[in-house]
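Chemist: Below are the structure tokens for one structure; questions will follow.
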Amino acid sequence: MTISANHTAHDPGPQTVNADPVAEAVRKFGITVEDYMLPARHQIQMVDPGGRLKPDSEQGTEPGHEYPLPGAEELLAAYEQLVIGRRVNDQNSALVRQGRMAVYPSSHGQEACQVAAALCLSEGDWMFPTYRDSVAVMARGVDPVQTMTLFRGDWHSGYDPMKHRVGIQCTPLTTQLLHAVGVAHAAKLRGENTVVLAMCGDGATSEGDFHEALNFAAVFHLPVVFFVQNNKYAISVPLAHQSVAPSLAHKAVGYGMAGERVDGNDVVALLAVLDRAVKLARDGSGPLLVEANTYRMQAHTNADDATRYRQDSEVAEWLAKDPVSRMKTYLTGRGLLDDETDFRIAEKAEAIATRLRDGLGEDVPVDPQDLFRHVFASPTPQLLEQSAMLADELAREESSGEGAK
Amino acid sequence: MSPTVTTSSEANGNVSAATARAAASAAATAEAEGPQPVTMAKALNTAMADAMQADPSVLVFGEDVGMLGGVFRITDGLTKTFGEQRCFDTPLAESGIVGMAVGMAMNGMRPVIEMQFDAFAYPAFEQIVSHVAKMHNRTKGALKLPLVIRVPYAGGIGGVEHHCDSSESYYAHTAGLKVFTPATVADGYRMLREAIDSDDPVMFMEPKKLYWSKDMVDLEELREQHSANVAAGTSSEGRAAVARPGTDATLIAYGPSVPTALAAAAAAAEEGRSLEVIDVRTIVPFDDETVSASVRKTGRAVVIAEAHGFASVSSEIVARIQERCFHYLAAPIRRVTGFDVPYPAPKLEHYYLPSVDRILDAVDDLQWED
């Protein structure tokens, strides 16, 4: 899979940046620092649910919140990943229903957020995903089967975070945001111009570590883009029970960082907003907060029953805002997508689905000694003892089994 | 104006520049030769300074550790010597400190972080248990977390509530953490250097009542020993120490309880009883070998700890001795621990803490007449 869009060469890093984006915006547009940090009055939307590009005046942009339309190449790369992401989500859900995978928190309906999160980063950047961000992890280049190891159940994680610069998918909410802050801090101390994208959901913004991570990132002036996918539910609890802030993006100003909200089902607007956020962070603006307004189309996981807490009519309303079909209509209308290209993309997605079916259908052998092997870099005598005990127990089982034959 | 609070002008430099300054500064503060009276605070401080000088990826941060030098002054002078990039204050949030340290350790640094007091580390518990302890295992060793979490712990200083907890059992119970606790000045230096060198995360429990205790110590010799050990690939991790040899019974203690056990052994000697004192040093990994050898020799054991006795490190030690030394025991193993009550107010703490008399009473109960 392709990883990132073709970004222009990096600036040399924060040390040499002269222009403070806030001061520049304040001077250029005659706005206050608070105006700059607060999100625009309306969410940024470039392509409407019908797949039509909105006129500039209706995109939600305003002075200090200006977003250029991403280039054609990036848009097509995004569409390809959208189609793959949708196929991956649906394939994985099917594998759970067939009992071939323990659980899968699907991002069906949130694929635009997943794809934009991966595409906005350059190769040396880091991403810190949650358990629902498997599609983003794959779009960043991690092998699909390795990505699913957590849910297959043979280990807690299947890929090397250092290799892909992707944190392991995190379950304890927002704890990974602080790891993102630490990675960015270490990079900054070494003078590297790494940007870190830190992902969480709407419910997670209630956690204490959300606050601590945003505050640490702001105080240490670190290049972290916090990306909140507001999919409206934390398992069953609606957003209104998490926060009564005007929007989650409004929380940014309290930390002294800029916030923005964007239509989370419009991948064009997402790319525009995230690309700019990443660029600003890389240029030394400090952290930013982006809230994507989206919807979790399916239940929390297969173990959840969404009909107990939300109406079908609400789901239907969001079905009409689907990110994949919207992008297809838009690109086709612009002449960037024809049937042949679409067919080629669908084939690619199908190949990945096949790889998932094959990879997750295999009965993966597990090694019981892995229980002990990785607890410490340098093991304790107690663990060596326990490891020998289990080995002995298994050897005796095997020999008594052979004896019975 | 910048949208966020900026760090000092140094924040835009890089680590190696700070290291060069540090080397120049460290050279100017040579120590007196030979053994000198040294406090544990000084030994810990020197261990961090030496580690920072040896390795530019060693960073120190926490609450008040910068210009103030920590509320116990353990980080005194580190900011001045190594610059604000390498020893710095953080916002007042313990989960943030540990969580950020996890990310920094993932990305090539060796953070040494301070939790200001034992009970103030609890907000960081989730980061410690769910990430610090599990990251290496979860990633099958792809991610190492060379991270030291320093925790001033335990009582005996007349501190008000939330300042005197013995929290070591929480950490010792968590698979994936190493738990060190020095009881002597030399171990303060030696063990902190080894903790910083370790590729595993270490909970470094500092008995705060021993911060100002002094031993005759030659820091230069300790430094040379450390370098020699590193060169030879050896470490004292997982080795208990025989703090006082004896033949009649074994007292097993760690951290703040070691001096109390030694005082009890000295008092017992006057009554004609020879007590061996074992200083556990590293709770994880635990040195079964040294403890078992001593108890097999003496046939009697008392385990001493400030922490509540119920479901604690002291109960674990008793269980391990019982499993390994049952047939050598002349009497049931006794424990002298804190009562199972929240840590008491200053005027009541002397009723709670293990004392020489309470240890001697326990020794007297070891069925000497049978």
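Residue numbers (the working numbering), protein chains in the order written: chain A, 155 to 559; chain B, 22 to 391. Even glycine gets a Cβ: it sits at the ideal position worked out from N, Cα and C.
(1) Check whether the segment 329-336 of chain B and the segment 348-368 of chain B touch, using three or more Cβ-Cβ pairs below 8 Å as the test.
(2) Just checking my contact of Q123 (chain B) with H152 (chain B) at CB under 8 Å: how many whole Å lie between their CB atoms?
(3) Note down, one range per segment and in chain order, each beta strand (DSSP E) of at least 3 residues found wholly within the segment 221-249 of chain B.
(4) What did DSSP end up calling E366 (chain A) once you bin it into helix, strand or coil?
(5) Taking a cut of 7 Å between CB atoms, which residues from the segment 113-137 of chain B lie near chain A?
(6) Would you kindly work out how many angstroms separate the C-alpha atoms of A45 (chain B) and M73 (chain B), rounded to a whole number?
(7) Decide if M237 (chain B) is buried, meaning its Cβ has at least 16 other Cβ atoms within 10 Å, or exposed.
(8) For S151 (chain B) and chain A, any beta-carbon pair shorter than 8 Å?
(9) Shorter than 8 Å from the beta carbon of N369 (chain A) to some beta carbon of chain B?
(10) Which of helix, strand or coil does DSSP assign to A446 (chain A)?
(11) So what does DSSP say about V299 (chain A), is it helix, strand or coil?
(12) Anything in the segment 461-472 of chain A with a Cβ closer than 7 Å to a Cβ of chain B? List those residues in chain order, please.
(13) Is there a C-beta anywhere in chain A that falls below 8 Å from the one on E159 (chain B)?
(14) Where do the N-terminal and C-terminal ends of the beta strand (DSSP E) with Q383 (chain A) fall, by residue?
(15) I want to verify the contact list: residues of chain B whose CB lies under 9 Å from the CB of Y437 (chain A), in sequence order.
(16) Could you check which residue in B:G209, B:T311, B:S234, B:E105 has the C-alpha nearest to that of V86 (chain B)?
(17) Excluding the five sequence neighbours on either side, which residues of its own chain have a C-beta within less than 6 Å of the C-beta of M292 (chain A), listed in chain order?
(18) Below 7 Å on C-beta distance, what does P306 (chain B) contact in chain A?
(19) May I have the straight-line CA-CA distance separating H183 (chain B) from A140 (chain B), to the nearest angstrom?
(20) Does K229 (chain B) come within less than 8 Å of chain A when only Cβ atoms are used?
(21) Closer than 8 Å, CB to CB, is G180 (chain B) near chain A or not?
(22) Output the distance between the C-alpha atoms of I380 (chain B) and A196 (chain B), rounded to the nearest integer angstrom.
(23) Q388 (chain B) by DSSP, collapsed to three states: which one?
(24) Please work out which residues of its chain come closer than 7 Å, Cβ to Cβ, to L434 (chain A), disregarding the five sequence neighbours upstream and downstream, and give them in chain order.
(25) Starting from the beta carbon of F381 (chain A), find every residue of chain B whose beta carbon is closer than 8 Å, and list them in chain order.
(26) Can the beta-carbon of M226 (chain B) be found closer than 8 Å to that of V206 (chain B)?
(27) State the start and end residues of the unbroken beta strand (DSSP E) segment that holds Y174 (chain B).
(28) Compare the beta carbon distance of A406 (chain A) and Q396 (chain A) with 8 Å and say whether it is the shorter of the two.
(29) Going along chain B in order, which residues have a C-beta closer than 9 Å to the C-beta of V289 (chain A)?
(30) How big is the Cα-Cα spacing for E258 (chain B) and V133 (chain B)?
(31) Let's see if you can read the secondary structure: which residues bound the alpha helix (DSSP H) around H375 (chain A)?
(32) Nearest chain B C-beta to F530 (chain A) closer than 8 Å, yes or no?
(33) Looking at the strands, I want to know which residues DSSP matches up with T284 (chain A).
(34) In this structure, does DSSP put E551 (chain A) in helix, strand or coil?
(35) Taking one C-beta from the segment 230-241 of chain A and one from the segment 278-293 of chain A each time, how about it: are there three or more such pairs within less than 8 Å?
(36) So, using beta-carbon positions, are V312 (chain B) and I299 (chain B) closer together than 8 Å?
Modeler: Looking at the atomic coordinates:
(1) Verdict: yes, contact present.
(2) By 1-based counting over the second sequence, the position of residue 123 (chain B) is 102. By 1-based counting over the second sequence, the position of residue 152 (chain B) is 131. In the sequence on display, residue 123 (chain B) carries Val and not Gln. Confirmed, Cβ separation roughly 5 Å.
(3) 223-228, 235-238
(4) Here residue 366 (chain A) is taken as the residue at index 212 of the first sequence, counted from 1. If DSSP states are grouped into helix, strand and coil, E366 (chain A) belongs with the helices.
(5) Contact annotation: in the segment 113-137 of chain B, residues whose CB is within less than 7 Å of a CB in chain A are A114, S116, G117, G120, M121, A122, V123, G124, M125, M127, N128, G129, M130.
(6) Locating residue 45 (chain B) in the second sequence gives position 24, counting from the first residue. Locating residue 73 (chain B) in the second sequence gives position 52, counting from the first residue. Low confidence applies here, because A45 (chain B) scores a pLDDT of 44, under 50, leaving its location unreliable; read the following figure in that light. For A45 (chain B) and M73 (chain B), the distance between alpha carbons rounds to 13 Å.
(7) Translated into the one-based positions of the second sequence, residue 237 (chain B) becomes position 216. Classification of M237 (chain B): exposed, given that the 10 Å Cβ count is below 16.
(8) Locating residue 151 (chain B) in the second sequence gives position 130, where the first residue counts as 1. Judged by the 8 Å Cβ criterion, S151 (chain B) is in contact with chain A.
(9) Working through the first sequence from its first residue, we reach residue 369 (chain A) at position 215. N369 (chain A) counts as touching chain B.
(10) The residue given as residue 446 (chain A) occupies position 292 in the first sequence. Note: A446 (chain A) maps to strand in three-state DSSP.
(11) Along the first sequence, read from residue 1 onward, the residue named residue 299 (chain A) stands at position 145. The answer is helix: DSSP assigns V299 (chain A) an H, G or I state.
(12) none
(13) The count along the second sequence starts at 1 and reaches residue 159 (chain B) at position 138. Reading the sequence as shown, one finds Arg at residue 159 (chain B) and not Glu. At least one chain A Cβ lies under 8 Å of R159 (chain B).
(14) To locate residue 383 (chain A), count along the first sequence from 1; it is residue 229. Its beta strand (DSSP E) spans residues 378-384.
(15) Looking up residue 437 (chain A) in the first sequence gives position 283. The amino acid at residue 437 (chain A) is misidentified as Tyr; the sequence shows Asp. Residues of chain B passing the Cβ test: none, with the nearest at roughly 12 Å.
(16) Your numbering for residue 86 (chain B) matches position 65 in the second sequence. When only C-alpha atoms are compared, the closest one is B:E105.
(17) Here residue 292 (chain A) refers to the residue found at position 138 when the first sequence is read from its first residue. Closer than 6 Å at the Cβ level, and outside the excluded window around M292 (chain A), lie P298, T301.
(18) Position 285 of the second sequence holds residue 306 (chain B). Correct list: T534, P535, Q536.
(19) Position 162 of the second sequence, counted from the first residue, corresponds to residue 183 (chain B). Position 119 of the second sequence, counted from the first residue, corresponds to residue 140 (chain B). Those two C-alpha atoms are separated by around 5 Å.
(20) Walking along the second sequence from the start, residue 229 (chain B) turns up at place 208. Judged by the 8 Å Cβ criterion, K229 (chain B) is not in contact with chain A.
(21) Position 159 of the second sequence holds residue 180 (chain B). No, G180 (chain B) does not count as interfacial toward chain A.
(22) Along the second sequence, read from residue 1 onward, the residue named residue 380 (chain B) stands at position 359. Along the second sequence, read from residue 1 onward, the residue named residue 196 (chain B) stands at position 175. Taking the Cα positions, I380 (chain B) is about 31 Å away from A196 (chain B).
(23) Translated into positions along the second sequence, residue 388 (chain B) becomes position 367. Three-state result, Q388 (chain B): coil.
(24) Indexing the first sequence from 1 puts residue 434 (chain A) at position 280. For L434 (chain A), where only same-chain residues beyond five positions count, the Cβ hits under 7 Å are P175, L442.
(25) Sequence index remark: in the first sequence, residue 381 (chain A) carries index 227 (1-based). Result: empty, since nearest Cβ-Cβ is about 16 Å, beyond 8 Å.
(26) As a first step, residue 226 (chain B) is located in the second sequence; it is residue number 205 there, counting from the start. As a first step, residue 206 (chain B) is located in the second sequence; it is residue number 185 there, counting from the start. In this structure, V206 (chain B) does not lie closer than 8 Å to M226 (chain B) by Cβ.
(27) On the second sequence, residue 174 (chain B) is found 153 positions in, with the first residue counted as 1. Annotation: the continuous beta strand (DSSP E) that includes Y174 (chain B) extends over 169-174.
(28) Counting from one through the first sequence, the residue named residue 406 (chain A) turns up at place 252. Counting from one through the first sequence, the residue named residue 396 (chain A) turns up at place 242. No.
(29) In the first sequence, the residue the question calls residue 289 (chain A) occupies position 135. Here the premise fails: no neighbours, minimum Cβ distance about 21 Å.
(30) Taking the first residue of the second sequence as position 1, residue 258 (chain B) is located at position 237. Taking the first residue of the second sequence as position 1, residue 133 (chain B) is located at position 112. If I take the Cα positions, the gap works out to 18 Å.
(31) Residue mapping note: residue 375 (chain A) aligns to position 221 of the first sequence, counting from 1. Element bounds for H375 (chain A): n/a, residue is neither H nor E.
(32) Start at 1 with the first residue of the first sequence, and residue 530 (chain A) comes out as number 376. So yes, F530 (chain A) belongs to the interface.
(33) Taking the first sequence and counting its residues from 1, the one referred to as residue 284 (chain A) is at position 130. Its beta-bridge partners are A:C324.
(34) As a first step, residue 551 (chain A) is located in the first sequence; it is residue number 397 there, counting from the start. E551 (chain A): helix per DSSP, three-state reduction.
(35) yes
(36) Sequence index remark: in the second sequence, residue 312 (chain B) carries index 291 (1-based). Sequence index remark: in the second sequence, residue 299 (chain B) carries index 278 (1-based). Yes; because the gap between Cβ atoms is below 8 Å, this pair is in contact.
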